[in-house]
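Heads up, the sequence shown is in this note's numbering, so the first residue is 4 and it goes up one at a time.
From the three backbone atoms N, C-alpha and C, an ideal C-beta is built for every residue, glycine too.
This one's a predicted model, so the numbers in the text were calculated from it and none came from an experiment.
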Amino acid sequence: MPSESNRINKELLAPYFKQWETVREQIEALYSQNDIQAVELMNMAIENYSELLEQGGKVLDDRKNKVVYILLPLNGDERFQFVKDKISSHYAHIQLDALFTETKKKVARLSIQRK
């Protein structure tokens with residue numbers, strides 16, 4: 004799937020990271036107040052992250068013998084599933100923040116490598 008891997012473009016993916024940055028601190032504050040709105044915003048952030056992964060494309064992982072998202076960081080499947088499963092926990096927010104941070108770094112690295 005080489006054509007899909009050519010879609011790594013920082014400028015095209017930047018809105019996904021910007022959207023996360025706009026709600027990240029708000030979600031943090033809502034969790035600290037035990038406000039149920041944190042879960043609503045987390046659902047939107049999870050959808051945003053899913054769209055980001057889709058936009059980055061997929062590739063066949065020969066070691067796992069399955070198709071994986073190109074932008075997913077190390078142990079990303081398990082970590083993203085944790086976020087979805089434990090959405091009402093503040094730790095889900097911490098993990099999603101880490102996933103966005105690591106994915107942003109991976110986008111930067113891949114965009115340089117593919118030029």
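Where the beta strand (DSSP E) through residue i begins and ends
i, result
"Asp-64", "61-64"
"Lys-69", "69-72"
Length of the line joining the Cα atoms of residue i and residue j
i, j, result
"Glu-57", "Lys-13", "14 Å"
"Thr-104", "Glu-50", "16 Å"
"Ala-111", "Ile-73", "13 Å"
"Tyr-55", "Ile-97", "A small fix is needed here, since residue 55 is Leu in this sequence, not Tyr. Leu-55 and Ile-97: Cα-Cα distance of roughly 18 Å."
"Gly-59", "Gln-36", "35 Å"
"Asp-88", "Ser-114", "31 Å"
"Asp-100", "Glu-28", "10 Å"
"Asn-46", "Leu-75", "18 Å"
Nonlocal neighbours in the same chain, by C-beta distance under 7 Å from residue i, ignoring five residues either side
i, result
"Gln-40", "Leu-33"
"Lys-107", "Phe-20"
Min CB distance residue i to chain C below 8 Å
i, result
"Arg-112", "Of the protein chains in this structure there is only one, and it is not chain C."
Boundaries (first-last residue) of the alpha helix (DSSP H) holding residue i
i, result
"Asp-38", "Element bounds for Asp-38: n/a, residue is neither H nor E."
"Ser-114", "93-116"
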